[in-house]
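Visitor: Protein chains in written order, with numbering that gives the first Met the number 0: chain X, 0 to 203; chain F, 0 to 203. Sending over a structure as structure tokens; questions will come in a sec.
There are 2 protein chains.
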Amino acid sequence: MPKVGVLISGRGSNLQALIDAIADGRLAARIAVVISNKPGAGGLDRARAAGIETLTISHRDYSTRDAFDTAMASALVERRVRLVCLAGFMRLIGQPMLDAFPNAILNIHPSLLPAFPGTDAQAQAIAHGVKVSGATVHLVNGELDGGPIVLQASVEVCDDDTAESLSLRILEQEHRLYPEAVCRVLEAGWRLVGRRFVRSVATG
Amino acid sequence: MPKVGVLISGRGSNLQALIDAIADGRLAARIAVVISNKPGAGGLDRARAAGIETLTISHRDYSTRDAFDTAMASALVERRVRLVCLAGFMRLIGQPMLDAFPNAILNIHPSLLPAFPGTDAQAQAIAHGVKVSGATVHLVNGELDGGPIVLQASVEVCDDDTAESLSLRILEQEHRLYPEAVCRVLEAGWRLVGRRFVRSVATG
């Protein structure tokens with residue numbers, strides 16, 4: 000089974016979606032470790048409940064971002080992790096992690112990128128007045144929310160939506176999308192054509 | 000019946016979608032005039048076939064953009080047009096048209112704005128590697144493809160899509176979307192909240 004590492008900062012609902020997909024047989028992988036940069040993050044309890052090793056690596060314990068990043072990379076490499084999944088991880092990924100896991104770090108973002116990168120994507124979407132938004136799973140590179148897109152799902156935006164109600168509707172799609180995207184990246188034979196993520200057998 | 004004017008530059012497939020929606024009773028409006036800035040545009044034949052008045056107002060006959068724009072605005076105002084629909088109209092709309100038809104000019108664009116404004120939106124989407132794109136109907140203001148969004152529809156982007164195959168899939172949605180958006184704008188009671196287009200009864 001390919002080993003996956005998951006990085007969290009909070010309650011880890013997308014971590015739970017990955018745990019559930021593995022339990023259901025929808026995702027052929029093993030979560031080797033869940034790392035939180037925040038002590039006591041709710042997602043750590045979810046991991047322990049599923050029998051997954053947990054680590055807290057607090058960015059406050061490191062004097063530079065690179066030192067923090069290197070500590071995470073070392074912990075993941077030691078455990079022979081093949082793919083790293085960010086699941087509500089609220090720190091930027093730095094060069095040591097990108098060097099240790101080239102095109103092997105995934106993030107999920109609550110908009111149809113390239114629209115509304117950065118924080119508060121759902122509030123940005125509401126303020127802009129879009130009628131369709133969604134969720135994006137992408138490979139992490141040096142640009143904020145800018146890496147090659149693995150999978151996207153759209154959701155309708157209603158006139159009476161708030162950032163909160165839209166967030167909930169997008170989150171439902173996130174929980175479906177993330178395990179599917181992890182499957183696609185763990186599959187053999189995908190390639191990047193320019194910045195396009197293309198599967199070995201073009202099935203859409 | 001509220002009167003609509005349609006501006007075209009080419010074959011006018013979205014004009015045809017509006018003509019068909021009126022014929023089917025899906026759109027309660029009358030197209031009072033179709034104006035082309037290009038003599039011999041294919042859409043003029045479609046208009047004549049439907050018994051609609053046609054005009055050619057060539058931008059080449061005017062020394063400034065404002066003069067051209069004023070000529071179009073005059074022709075539309077004379078015919079008591081309430082709403083202007085751009086349907087493959089390849090000139091920028093200037094201030095005289097915006098002044099004559101405030102929040103009463105619609106455009107359709109082959110992407111999920113704010114992603115991929117400007118020309119070759121479908122090729123931009125392919126190059127960026129998005130997995131979801133679509134079509135947007137928006138009110139025209141002074142910004143390129145930047146006005147308040149009335150309606151959007153998403154389409155899947157497949158690994159083997161080209162700009163051409165994606166364009167065809169988006170065009171299908173455009174033909175469904177544009178008449179529906181015209182209905183919504185002709186309905187009483189919608190309002191702009193910031194840049195959000197909100198219907199009187201929030202039904203999504």
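Positions of the beta carbon are idealized from the N, C-alpha and C atoms, including for glycine.
Is X:Ala-66 close to chain F, meaning its C-beta is less than 9 Å from at least one C-beta of that chain?
Guide: Not closer than 9 Å to any Cβ of chain F, the Cβ of X:Ala-66 fails to qualify, so no.
Visitor: In the DSSP assignment, what are the bridge partners of F:Cys-84?
Guide: According to DSSP, F:Cys-84 bridges with F:Val-5 and F:Leu-105.
Visitor: From X:Gly-203 to F:Asp-158, what distance separates their C-alpha atoms?
Guide: With a pLDDT of 47 at X:Gly-203, under the threshold of 50, the predicted position of this residue should be treated as unreliable, though the coordinate-derived value follows. In a straight line, the C-alpha of X:Gly-203 is about 5 Å away from that of F:Asp-158.
Visitor: Bridge partners of X:Thr-55, per DSSP?
Guide: Answer is X:Ser-35, bridged to X:Thr-55.
Visitor: Using a threshold of 8 Å, is the CB atom of X:Val-33 nearer than that to any non-hydrogen atom of the ligand GDP?
Guide: The ligand GDP is absent from the structure shown, which contains no ligand whatsoever.
Visitor: Please name the residues in the region 125-136 of chain X whose beta-carbon is closer than 7 Å to at least one beta-carbon of chain F, in chain order.
Guide: Those would be Ala-126, His-127, Gly-128, Val-129, Lys-130, Val-131 and Gly-133, in chain order.
Visitor: According to the neighbour-count rule (16 or more other Cβ atoms, all chains shown, within 10 Å of its Cβ), is X:Thr-135 buried or exposed?
Guide: Counting Cβ neighbours within 10 Å, X:Thr-135 comes out buried, since at least 16 surround it.
Visitor: Starting from X:Val-192, follow its DSSP beta bridges and name the residues at the other end.
Guide: DSSP output for X:Val-192 lists X:Arg-195 as bridge partner(s).
Visitor: For chain X, find out if any of its Cβ atoms is closer than 9 Å to the Cβ of F:Ala-122; answer yes or no.
Guide: No - not a single Cβ of chain X is within 9 Å of the one on F:Ala-122.
Visitor: Taking the alpha-carbon positions, what's the X:Asn-140 to X:Ile-148 distance?
Guide: Going by the C-alpha atoms only, they are around 11 Å apart.
Visitor: Between X:Ser-166 and chain F, is any beta-carbon pair separated by less than 9 Å?
Guide: Not closer than 9 Å to any Cβ of chain F, the Cβ of X:Ser-166 fails to qualify, so no.
Visitor: Check whether the region 189-200 of chain F touches the region 35-47 of chain F, counting contact only when three or more Cβ pairs, one atom from each stretch, lie closer than 8 Å.
Guide: No: the two stretches stay apart, fewer than three of their Cβ pairs being nearer than 8 Å.
Visitor: Less than 9 Å between CB atoms is the rule here; does F:Gly-117 satisfy it with respect to chain X?
Guide: No - not a single Cβ of chain X is within 9 Å of the one on F:Gly-117.
Visitor: Return helix, strand or coil for X:Glu-142, following the three-state DSSP convention.
Guide: In the structure shown, X:Glu-142 sits in coil (DSSP, three-state: anything other than H, G, I, E or B).
Visitor: Taking only beta-carbon atoms, is F:Ile-21 less than 9 Å away from chain X?
Guide: It does not; no Cβ of chain X falls within 9 Å.
Visitor: Leaving out five residues on either side along the sequence, give the residues of the same chain with a beta carbon under 7 Å from the beta carbon of X:Val-184.
Guide: Here the set comprises Leu-82, Leu-105 and Val-149.
Visitor: Residues of chain F with a CB under 9 Å from the CB of X:Gly-41: which are they?
Guide: Those do not exist, as X:Gly-41 stays about 30 Å from chain F at its closest Cβ, beyond 9 Å.
Visitor: In three-state terms, what does DSSP make of X:Val-184?
Guide: The answer is helix: DSSP assigns X:Val-184 an H, G or I state.
Visitor: What would DSSP say about F:Arg-29, mapped onto helix, strand or coil?
Guide: Reduced to three states, the DSSP call for F:Arg-29 is strand.
Visitor: Compute the Euclidean distance between the alpha carbons of X:Ile-92 and X:Cys-182, then round it to the nearest angstrom.
Guide: Cα-Cα distance, rounded: 22 Å.
Visitor: Can you name the start and end residues of the alpha helix (DSSP H) that X:Ala-126 belongs to?
Guide: Start and end: 120-127.
Visitor: Distance check for X:Ala-48 and X:Thr-55, CA to CA, integer angstroms please.
Guide: Taking the straight line joining both Cα atoms gives about 16 Å.
Visitor: At 9 Å on the CB atoms, spell out the chain F contacts of X:Phe-196, in chain order.
Guide: Result: Gly-128, Lys-130 and Asp-158.
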